[in-house]
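Here the sequence shown is numbered in my numbering, starting from 117 and rising by one per residue.
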Amino acid sequence: MDEQHRGGPSHWWRYGPPWWNRPDAPEAHRAHLPWRSTALITAVVLIGSTFAAHGQPGRVPLDGYARVLLLLASALLLWRNRHPAPVVFGTATAALVYLALGFPYGPVFLTVAVGCFSAVVAGHRRAAWSAVGLLWAGHVLVALWLYRWLPPAGDRGGGLGQEIVIATWVLVIVALSELARVRHEQWARERADRAEAARRRADEERLRMARELHDVLAHSISVINVQASMGLALLDSDPEQARAALTTIRSASKEALGEVRQVLGALRAPGAAPRAPAPGLDRLPELVEQAAAAGLTVETEGEPPRLPPGADLAAFRILQEALTNVVRHSGSRHARVRFDYGDGVLRLRIDDDGPATGADAGGSGNGLAGMRERAAALGGTIEAGPRPDGGFRVRAVLPSDLKEDQ
């Protein structure tokens, strides 16, 4: 792990060069002319060919034409990222003309190797194979037949052993280029997988925040709506009751603003610890009191268990959303909540006696979808629907210890 953070050899081999890790890097890399590496290759080719000429007295000595061909083959590599196929053919042709004119063997083959490597990695495999095949076939033709009419004078041509060496060299170049192509494709797949994972995490975080905001606002605004209607109805006939409704509205709006600030604070400071604890079943009395203020009597059965934070928050939000739906969509002013906990599983049931006051009884899409998403995140389930004897029931099964670490 430390080596990966330092960008060590294993990190480079697994994830690619550093510039591959930037989304715009491949396009920028192709647009960039590799001046430094090309200058280095040119120096190696020119200096290496000069030294190689001293060990081959039977070949034509290096002259101006030879150096022009060496410079041409090296200079073509400047465009190996933009135009890999023409470059590999150009370097192979320059090397073949250089050898056909009788100049010494040497690092001129390096230009062909680099051009072939770039073409294969860029996906021009046929062009690379054709170019090195053309070079080898041309060399065979020169060494076995055309040497009689080509310099140096008195050349006896090449033998089968020499051609086997050249063929082996060609195969090594192709094999190394194919290996680089495979690694390049693996890097591309891994980059795509990492980008997809990042997008998926961002989508999940957006859904989580949307769920949280929906649950906070839906409950508080439902309470505010009921109390506002009551206050308006009693404003003239019972001012004290209207005042109590306004007090409830103030408390509900203050609580909603506090929770919204907490959610938005987490959005503004990713990775920071929340400043306030997430709500849980320990706030059940407060939730029952808010429901009572909205005109709903809540009867509880069983004791709320102590749960890990994730399961505790999910259970609280599911209960909050279910009670909000009773207030908004049911004609009943009485709800029953049952807690049953055992074997690390919380079974939560919320019932009301109805009847429904609208087509979307029990809650509309976002509320029920949010409850199901919260339960599914823990490996649990939500069942919601009308009861055979009338009314509506929400049943939640929440494993509290199965997926908490996830």
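Every residue gets a Cβ at the ideal spot worked out from N, C-alpha and C, and that includes glycine.
Practice problem: Kindly confirm or deny that the region 404-421 and the region 434-444 touch, where touching means at least three C-beta pairs closer than 8 angstroms. | Solution: yes
Self-check item: Residue from 155, 229, 426 whose Cα sits closest to the Cα of residue 328
Solution: 426
Quiz item: What do you reckon, are the CB atoms on residue 431 and residue 484 nearer than 7 angstroms?
Solution: no
Self-check item: First and last residue of the uninterrupted beta strand (DSSP E) at residue 468
Solution: 461-468
Practice problem: Could you tell me whether the region 215-226 touches the region 236-245, using the rule of 3 or more Cβ pairs below 8 angstroms? | Solution: no
Quiz prompt | Whole-angstrom C-beta distance between residue 214 and residue 182, which should lie under 8 angstroms | solution = 7 angstroms
Self-check item: Extent of the continuous alpha helix (DSSP H) to which residue 166 belongs
Solution: Looking at the DSSP string, the run of the alpha helix (DSSP H) that includes residue 166 is 151-170.
Quiz item: Should residue 503 go down as buried or exposed, given a rule of 16 or more other Cβ atoms within 10 Å for buried?
Solution: exposed
Quiz item: Does the region 365-374 come close enough to the region 335-351 to have 3 or more Cβ pairs within less than 8 angstroms?
Solution: In this structure the region 365-374 touches the region 335-351; the number of beta carbon pairs closer than 8 angstroms is three or more.
Quiz item: Along the chain, where does the beta strand (DSSP E) that runs through residue 175 open and close?
Solution: Residue 175 -> no beta strand (DSSP E), and no H or E assigned at all.
Quiz item: Can you list, in chain order, the residues of its chain whose CB lies under 7 angstroms from that of residue 470, leaving out five sequence neighbours each side?
Solution: 446, 447, 448, 506, 507, 508
Quiz item: What did DSSP end up calling residue 457 once you bin it into helix, strand or coil?
Solution: strand
Quiz prompt | Span of the alpha helix (DSSP H), counted from its first residue to its last, around residue 514 | solution = That residue, residue 514, is in no alpha helix (DSSP H); its beta strand (DSSP E) goes 508-515.
Quiz item: When DSSP labels each residue in this structure, what does residue 523 get in the three-state scheme?
Solution: Outside the modelled stretch of the chain, which goes from 117 to 522, sits residue 523, for which no answer is possible.
Self-check item: Exposure of residue 248, with buried meaning 16 or more beta-carbon neighbours within 10 Å
Solution: Classification for residue 248: buried.
Exercise. Kindly give me the distance between the Cβ atoms of residue 296 and residue 203, rounded to whole angstroms, as I take these residues to be in contact under 8 angstroms.
Key: 16 angstroms between Cβ atoms; not a contact.
Quiz item: Can you check whether the CB of residue 189 is closer than 7 angstroms to the CB of residue 210?
Solution: yes
Practice problem: With DSSP collapsed to three states, give me the class of residue 473. | Solution: coil
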